[in-house]
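S.K.: Chains as they are written, first to last, in the working numbering: chain A, 2 to 297; chain V, 2 to 297; chain H, 2 to 297; chain U, 2 to 297; chain S, 2 to 297; chain R, 2 to 297.
Ideal placement from N, C-alpha and C gives every residue a C-beta, glycine not left out.
Fair warning: this is a prediction, and the values are worked out from it, not measured in the lab.
After the structure tokens below, expect a handful of questions from me.
Number of protein chains: 6
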Amino acid sequence: MPLDILALAAHRDDVEQTCGGTLLKMAERGYRTGILDLTQGEMGTRGTAEDRAREAGEAARILKASWRQALDIPDGRVENTWENRLKVARVLREQRPRVLILPYWEGRHPDHYTASVLGYEAAFLAGLAKLNLSSQLSALSSQKPGVSSEFSGFTARPGQSSTSPEGAKKDSPGRKSGDPSANDRVPEGRHSDGLAPHRPFKIIYASLYRDVRPTFVVDITEQFETRFKSLMAYKSQFTDQQAGSGIFPAQADIRARVESMARFYGMQAGVTYAEPFVQKEMGLIDDLLAIPVRSI
Amino acid sequence: MPLDILALAAHRDDVEQTCGGTLLKMAERGYRTGILDLTQGEMGTRGTAEDRAREAGEAARILKASWRQALDIPDGRVENTWENRLKVARVLREQRPRVLILPYWEGRHPDHYTASVLGYEAAFLAGLAKLNLSSQLSALSSQKPGVSSEFSGFTARPGQSSTSPEGAKKDSPGRKSGDPSANDRVPEGRHSDGLAPHRPFKIIYASLYRDVRPTFVVDITEQFETRFKSLMAYKSQFTDQQAGSGIFPAQADIRARVESMARFYGMQAGVTYAEPFVQKEMGLIDDLLAIPVRSI
Amino acid sequence: MPLDILALAAHRDDVEQTCGGTLLKMAERGYRTGILDLTQGEMGTRGTAEDRAREAGEAARILKASWRQALDIPDGRVENTWENRLKVARVLREQRPRVLILPYWEGRHPDHYTASVLGYEAAFLAGLAKLNLSSQLSALSSQKPGVSSEFSGFTARPGQSSTSPEGAKKDSPGRKSGDPSANDRVPEGRHSDGLAPHRPFKIIYASLYRDVRPTFVVDITEQFETRFKSLMAYKSQFTDQQAGSGIFPAQADIRARVESMARFYGMQAGVTYAEPFVQKEMGLIDDLLAIPVRSI
Amino acid sequence: MPLDILALAAHRDDVEQTCGGTLLKMAERGYRTGILDLTQGEMGTRGTAEDRAREAGEAARILKASWRQALDIPDGRVENTWENRLKVARVLREQRPRVLILPYWEGRHPDHYTASVLGYEAAFLAGLAKLNLSSQLSALSSQKPGVSSEFSGFTARPGQSSTSPEGAKKDSPGRKSGDPSANDRVPEGRHSDGLAPHRPFKIIYASLYRDVRPTFVVDITEQFETRFKSLMAYKSQFTDQQAGSGIFPAQADIRARVESMARFYGMQAGVTYAEPFVQKEMGLIDDLLAIPVRSI
Amino acid sequence: MPLDILALAAHRDDVEQTCGGTLLKMAERGYRTGILDLTQGEMGTRGTAEDRAREAGEAARILKASWRQALDIPDGRVENTWENRLKVARVLREQRPRVLILPYWEGRHPDHYTASVLGYEAAFLAGLAKLNLSSQLSALSSQKPGVSSEFSGFTARPGQSSTSPEGAKKDSPGRKSGDPSANDRVPEGRHSDGLAPHRPFKIIYASLYRDVRPTFVVDITEQFETRFKSLMAYKSQFTDQQAGSGIFPAQADIRARVESMARFYGMQAGVTYAEPFVQKEMGLIDDLLAIPVRSI
Amino acid sequence: MPLDILALAAHRDDVEQTCGGTLLKMAERGYRTGILDLTQGEMGTRGTAEDRAREAGEAARILKASWRQALDIPDGRVENTWENRLKVARVLREQRPRVLILPYWEGRHPDHYTASVLGYEAAFLAGLAKLNLSSQLSALSSQKPGVSSEFSGFTARPGQSSTSPEGAKKDSPGRKSGDPSANDRVPEGRHSDGLAPHRPFKIIYASLYRDVRPTFVVDITEQFETRFKSLMAYKSQFTDQQAGSGIFPAQADIRARVESMARFYGMQAGVTYAEPFVQKEMGLIDDLLAIPVRSI
């Protein structure tokens with residue numbers, strides 16, 4: 002079953018900070034949401050990759066995500082290589098999300114902004130009808146020993162999403178037919194690797210970490226507390242401890258920061274808490290009376 | 002009965018060129034739309050103010066507008082004065098639109114960009130609970146003889162809008178109660194002049210004349226031909242004739258230009274014809290799956 | 002005794018919201034600060050101009066301001082006229098501030114952005130050696146009856162500023178000699194009206210109300226609580242009451258908003274609470290090791 | 002002993018042109034400054050890499066730099082590879098600068114703008130507590146023969162800096178404790194390779210080559226002549242000669258160009274000569290009276 | 002005989018600083034150039050309006066201008082009023098320039114940026130076929146006593162321009178017929194006031210005073226020295242003297258500043274000295290091989 | 002014989018869409034034009050690489066191009082590697098164009114924006130006097146088997162260009178001597194590989210695919226129909242067929258789109274059809290009377 006929304010980020014716990022409330026809100030509407038972490042967090046000052054894998058699974062459950070995996074791209078060394086693009090493209094063909102959330106394309110952490118370009122270009126590749134991902138990836142792994150793609154993953158138990166996605170999708174203008182990629186303008190036809198081409202219909206950028214003007218925000222007033230809990234699931238990162246006490250704010254401080262950011266973006270749109278996003282395309286408005294944010 | 006949408010422009014035939022298709026589309030959805038022309042066109046190279054009044058009425062009928070009037074601000078001399086702000090504010094209190102469409106705030110014609118600021122500031126004034134417009138305007142006219150506000154107007158016959166606006170409004174997230182200004186956060190209470198304060202909920206800017214990136218476009222594919230007819234209703238301006246033949250393109254050329262502009266903006270959003278708008282506020286998106294313009 | 006800093010705003014209680022913490026901080030450093038409100042607030046939905054005058058005095062005391070006055074420009078009608086420029090220029094010559102804080106030049110409220118331009122142009126006029134403000138103003142008042150300049154003011158009792166401003170000024174690179182305007186490059190010489198020309202050395206713009214990127218912020222962590230008290234001094238505006246309950250947020254909500262804004266800007270610079278400002282000029286840095294905000 | 006400031010550039014003689022005056026000024030204040038040239042200049046039209054090494058040493062002495070080295074990245078082929086990032090990161094851990102000056106991130110010469118990104122990402126890497134640079138670099142050199150890191154370097158003789166850096170640092174708000182990286186928020190602890198993680202506190206961008214608006218300039222009026230001498234130390238480049246006479250301006254012209262650029266940026270800030278810089282972060286101002294550039 | 006180029010500025014000696022070299026170059030090509038100063042300089046710290054009138058005439062002769070006049074708009078009070086627009090529009094109809102040079106629309110001096118908008122809107126008015134300037138201006142002067150339009154002017158002696166303008170114009174793509182306004186798309190026909198409507202074909206903005214990126218520069222290497230002489234013709238302003246010694250740079254300094262600015266802009270385009278301009282419209286290039294500024 | 006203009010793009014049929022009219026116009030003026038396609042189109046949904054090679058040759062003939070080749074960079078995987086830069090640099094040294102047209106540096110298709118950076122950096126490399134391309138390329142191919150540079154090319158028959166390029170070049174300000182690279186400021190001297198260094202004098206960016214404001218447009222009114230024919234020469238892409246009918250617009254629609262785009266950009270400059278370009282450098286204007294696009 003294809004995902005409706007996939008959020009891609011460089012590190013476990015990134016998504017929880019930038020668009021966790023939005024993912025939860027969409028899951029509550031009945032959509033199938035997923036999270037792809039490019040790295041496994043082995044460079045993190047606190048905790049091990051294993052700790053973070055467990056915590057990431059817990060956070061995914063809290064956010065009602067249907068799917069979460071981590072690739073094996075080295076932490077601190079996310080690069081926009083052909084191999085990495087292929088790896089991400091394979092996930093996109095497997096999970097077939099209609100909406101892809103990427104990190105914003107500027108930022109302080111190189112892994113973040115590189116993940117943005119990597120995700121975009123992988124989405125392009127995933128839609129190329131003549132590109133056989135399996136043969137490309139196995140060509141690479143035969144060349145260079147050590148190239149593997151063992152996923153460290155999480156898949157929601159069947160039935161986890163209690164509301165019916167189909168019901169929700171009926172109201173969605175984007176999904177018009179039973180075939181989820183029918184209107185995605187990528188030629189159909191299953192490859193010999195079993196993965197038909199797929200390109201997300203919409204790509205948006207989670208911009209929380211960047212002082213850039215958002216194109217839009219998503220109201221997460223109802224989801225704010227649960228989203229905060231998903232962040233706190235990363236006990237190895239956010240409980241007060243000795244290691245990295247110079248880098249990490251005290252847990253008491255985190256709540257205040259997270260809340261202020263969410264409230265700041267909420268204020269821009271007349272709601273209590275919100276998460277900010279950028280989209281590159283123009284908007285298309287159907288009903289002027291339905292534009293939600295007041296002007297004056 | 003309050004208007005749902007009011008489009009304000011400096012000159013008769015401006016609205017037809019910048020947002021006529023959008024006004025028609027909204028009228029066809031059942032909304033009550035109106036047009037406020039600030040001047041009567043007496044400086045136009047072709048035709049008289051009387052010709053243009055007649056043509057403006059005809060164009061309004063073609064666009065299914067419920068209301069149209071022209072103020073007496075001198076053509077070629079639209080200024081953002083207190084008096085002009087009061088005049089526009091009075092119209093806003095009388096017509097009580099929820100959405101106000103202004104010209105974009107930069108442009109070649111000074112009347113256009115000044116109309117933008119004038120309209121914005123009048124919208125602000127119209128919402129001030131303690132401002133009595135009638136007494137302010139009569140104070141001005143006693144000071145300066147010659148200040149009058151004779152409107153040259155058009156009002157649609159009752160029943161003209163065949164579809165039911167109320168039905169449409171039920172689906173509109175903006176209008177939540179019977180009282181159209183209830184959620185407009187302007188204190189209620191009727192002034193001694195009979196005009197309660199009113200501030201439009203939303204102000205957007207028609208940007209067709211300016212090479213600025215629109216925030217969004219409105220699909221007018223279905224309305225394009227009728228909108229073009231509304232422009233052609235200005236026979237004094239657009240029929241081939243001697244006067245101004247150096248300034249005005251030949252009629253044969255106008256069709257090509259109007260169509261190319263509409264198609265250009267349509268292409269940006271994956272539709273055939275569209276009209277471009279700018280909004281100053283951020284967007285607020287409720288459903289990521291419903292964002293309409295594809296990314297890649 | 003000249004002011005070190007003058008904050009100009011359209012309405013009483015504007016300064017408290019945009020730069021009150023900064024004013025307080027500077028007063029605590031020993032500088033003489035002042036506040037010029039252009040209007041007296043008679044258009045406010047809640048309270049009377051008299052209420053606001055009393056509250057403004059109380060707020061000024063809380064912020065340790067040495068001086069505060071309100072001009073008689075009509076509320077809701079701040080215009081950049083010659084007369085208004087002269088009025089503000091007279092205050093600048095009388096109070097002789099070295100730093101002038103203006104509202105940012107874009108915003109939602111026309112009074113705010115007009116106050117910005119008016120303040121800037123008045124600062125220019127105030128420095129013109131050959132301009133005699135008194136004769137210009139009396140020429141105007143003889144022409145138009147009703148032009149008066151009755152100030153509704155507040156002046157701190159002598160000795161109010163307990164720390165010594167001169168001591169502080171010794172450390173200030175700007176003020177190099179005893180004569181406060183010596184290095185302000187405006188020709189000296191007292192006019193027949195007793196007011197020597199004066200131009201502020203520095204003009205900065207308080208940008209809190211606008212989603213514009215600040216040039217810099219001022220850390221107000223120590224001043225935050227007192228600044229909030231100064232805002233709450235406007236009891237007519239911020240206590241829960243019937244009038245305007247649709248416009249005004251409940252008092253419980255105000256605290257959260259004010260805090261989130263201050264914290265958001267603080268986070269940009271690594272401090273807890275801050276107020277944002279824009280300056281038009283480039284910076285001039287003397288010591289690279291002393292640049293305070295970390296990069297990565 | 003750690004550096005206070007390190008300027009990184011693609012080619013020998015780049016630093017002399019973009020921020021040499023600033024480096025000299027900081028050295029005169031008692032700071033330890035250093036220069037890292039990524040390449041050895043073997044592609045230069047004039048002179049050999051050996052000529053340039055000698056000249057670079059001479060220029061460093063003129064600028065009172067405490068340290069200068071050149072990496073072995075190929076001239077004309079500066080690439081943002083993992084290996085190059087590791088090489089730069091090793092220098093950063095060894096020299097431990099608090100301030101890092103990079104070239105601006107846009108420009109005409111690909112080596113320049115690539116050096117900017119490479120330097121930034123290396124600074125990020127250098128601070129990762131779990132990254133062992135030595136083992137990473139030796140892994141690379143065992144893989145690919147020919148990867149070496151022979152530095153072509155210059156180290157100032159002990160005692161060269163006649164003024165005391167410690168005295169200067171007492172006045173510096175940035176360095177608050179004896180440990181130079183104490184407030185740099187990177188976890189401490191020495192690696193097995195003997196190089197503790199280190200991340201510069203501040204990264205700024207020398208923008209002389211780009212018509213971009215600087216964030217700030219540094220007054221180099223006192224340093225201008227000496228800085229020009231440091232540039233002239235590159236005799237192989239700047240003496241009149243046959244080779245490259247089509248590319249290089251005559252020596253007589255260089256003086257006029259260098260002076261005009263410095264004066265142009267000086268004029269923006271009211272000083273005679275200055276060098277321009279961009280910083281990405283907001284400013285943080287402590288004393289409004291101390292902002293140096295006048296507004297009007 | 003119509004002007005080819007008219008440069009409009011707020012104060013005498015503005016044009017000499019921002020576009021004097023360009024005016025001279027165009028005059029040397031055989032074009033008729035003119036200068037319109039809006040004010041007479043009575044607010045200047047140094048010298049009287051009479052001094053400046055004499056100096057302006059001398060400067061015009063040095064720049065080979067064919068025409069120069071000063072309007073009677075008060076110095077320090079340039080406002081974009083109807084009356085001022087009419088005054089400027091009358092000059093435009095009388096002098097009929099094809100190219101109008103305005104000050105850039107942002108700046109430090111309010112007179113400068115207001116002159117920019119005033120000039121633009123006057124150019125618009127001047128082209129309105131139905132606007133009778135004489136009757137409008139006399140209506141104003143009957144209303145308000147004291148409104149006069151005494152020009153303080155300078156007209157070049159016949160034959161002053163030694164090269165033939167017509168010869169030059171033959172090479173100009175703009176002027177295609179004998180009638181100078183024939184292709185200016187403004188309806189012809191002489192008004193009862195003897196002034197046919199006229200709108201400049203091209204409006205460009207002299208941007209020297211503003212750190213804005215120019216659209217293009219004009220090479221004034223050959224004109225630089227003479228242009229500097231035209232500035233020095235303002236003896237009352239630029240000779241060393243007591244009055245205003247705090248504001249004005251010493252004469253020795255002026256040369257260095259003027260030269261650095263010209264050289265800075267020259268360097269952007271590969272020439273020695275240049276003056277910068279902004280145009281709002283896109284360019285139209287006929288021959289890609291003829292684009293003059295090298296890229297790399 | 003060197004090319005005057007070379008247009009580089011990622012895919013066959015890109016150039017036809019973005020700057021085909023301009024290439025044709027320049028060929029008609031007598032210039033030698035060329036097209037370099039980086040890939041051979043093997044990833045295209047419709048048709049084979051062989052089909053596209055044949056069609057590309059036909060399109061080149063229609064556009065009167067003197068030269069066209071395709072490199073062997075993989076379609077869908079245009080990367081800015083050292084090897085690819087060397088390949089493009091070799092073409093630049095062989096063909097020696099004075100003007101290089103690149104795709105704009107942002108876009109939807111990664112191949113497009115990467116081609117832009119790759120082309121720019123290759124142009125830089127091609128001018129390095131000490132870089133021996135042949136030895137660099139053969140070093141690479143010995144390392145990695147499979148690196149070849151078999152071109153799939155097209156060269157116009159001698160005499161194809163009926164007008165004389167030399168005649169045209171006489172009017173061109175750029176080409177001042179017989180040696181086409183004489184004023185290109187790259188040191189001369191033939192390498193052992195027979196390819197003297199060469200750097201294009203001018204690089205411009207075809208921006209049709211991007212909603213970015215062009216610096217200038219080129220009037221292609223006379224060339225529009227032939228340019229459209231060159232696009233239709235790609236029968237495998239643009240005839241109506243089953244494969245990819247979801248991605249490709251029907252042929253009937255293409256004409257309307259292409260025409261609207263061309264007309265839209267034409268309208269910006271007062272001509273019927275145009276193609277848009279961006280240049281990074283400032284303009285340099287010699288004659289203000291010759292600026293072609295009217296302002297108002």
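1. Among residues of its own chain, excluding the 5 on either side of R63/V, which ones have a beta-carbon nearer than 7 Å to its beta-carbon?
2. Can you grab the Cα-Cα spacing for the pair L7/U / G108/A, in whole Å?
3. Can you check which of these residues, R86/U, E95/U, L289/U and P3/U, is closest to A116/U by C-alpha distance?
4. Please confirm whether F125/R has its beta-carbon closer than 8 Å to some beta-carbon of chain U.
5. Just to make sure I have the definition right: I need the residues of chain A whose C-beta is within less than 9 Å of the C-beta of R255/V. Which are they?
6. Would you tell me roughly how many angstroms separate the C-alpha atoms of R256/S and N133/V, rounded to the nearest one?
7. Would you kindly work out how many angstroms separate the C-alpha atoms of R13/S and S261/U, rounded to a whole number?
8. What is the rounded straight-line gap between the Cα of R263/R and the Cα of A275/R?
9. According to DSSP, is G284/U helix, strand or coil?
10. Near M2/U, which residues of its chain fall below 7 Å by C-beta distance, leaving aside the five closest residues on each side in sequence?
11. Would the beta-carbon of K236/U fall within 8 Å of that of E122/U?
12. What residue does the beta strand (DSSP E) around G35/U start on, and which one ends it?
13. Can you find a CB in chain C that lies within less than 8 Å of the CB of A116/V?
14. Where in the region 12–73 of chain V do unbroken runs of the alpha helix (DSSP H), each at least 4 residues long, occur, reported from the N-terminal end onward?
15. Could you tell me whether the Cβ of E84/A comes closer than 8 Å to any Cβ of chain R?
16. For L7/A and chain R, any beta-carbon pair shorter than 8 Å?
17. Whole angstroms is fine: what's the gap from D254/U's alpha carbon to E223/S's?
18. What's the C-alpha gap between I1/S and P198/H?
19. K203/S lies in the alpha helix (DSSP H); which residues open and close that run?
20. Just list the residues that DSSP pairs M8/H with in beta bridges.
21. Given P98/V, which residues of its chain have a CB within under 8 Å of its CB, disregarding the five upstream and five downstream residues?
22. Is DSSP giving E226/A helix, strand or coil here?
23. Over what stretch of residues does the beta strand (DSSP E) that includes E80/U continue unbroken?
M.R.: Let me spell this out:
1. In the sequence on display, residue 63/V carries Ile and not Arg. Taken in chain order, the residues that qualify are T227, K230, S231 and A234.
2. 23 Å
3. R86/U
4. yes
5. Correcting the residue type first, residue 255/V is Ile in the shown sequence and not Arg. Within chain A, no residue comes near I255/V; the closest Cβ sits about 25 Å away, beyond 9 Å.
6. If you take the alpha carbons of R256/S and N133/V, they lie about 60 Å apart.
7. 27 Å
8. Checking the sequence, you will find Ala at residue 263/R rather than Arg. Answer to the nearest angstrom: the Cα atoms are 5 Å apart.
9. When secondary structure is reduced to three states using DSSP, G284/U falls in the strand class.
10. R33
11. no
12. Per DSSP, G35/U is one residue of the beta strand (DSSP E) stretching across T34 to T40.
13. Among the chains of the structure shown, chain C does not appear; the protein chains present are A, V, H, U, S and R.
14. 15–19, 21–29 and 50–63
15. no
16. no
17. 17 Å
18. There is simply no residue 1/S to check, as chain S begins at 2 and stops at 297 in what is shown.
19. From DSSP, K203/S is part of no alpha helix (DSSP H) but of the beta strand (DSSP E) over K203 to A207.
20. Looking at the sequence shown, residue 8/H is not Met but Ala. Bridge partners of A8/H: I36/H and I102/H.
21. P3, L4, D5, I6, L7, G35 and P201
22. helix
23. Counting along the chain, E80/U falls outside any beta strand (DSSP E), and DSSP gives it neither H nor E.
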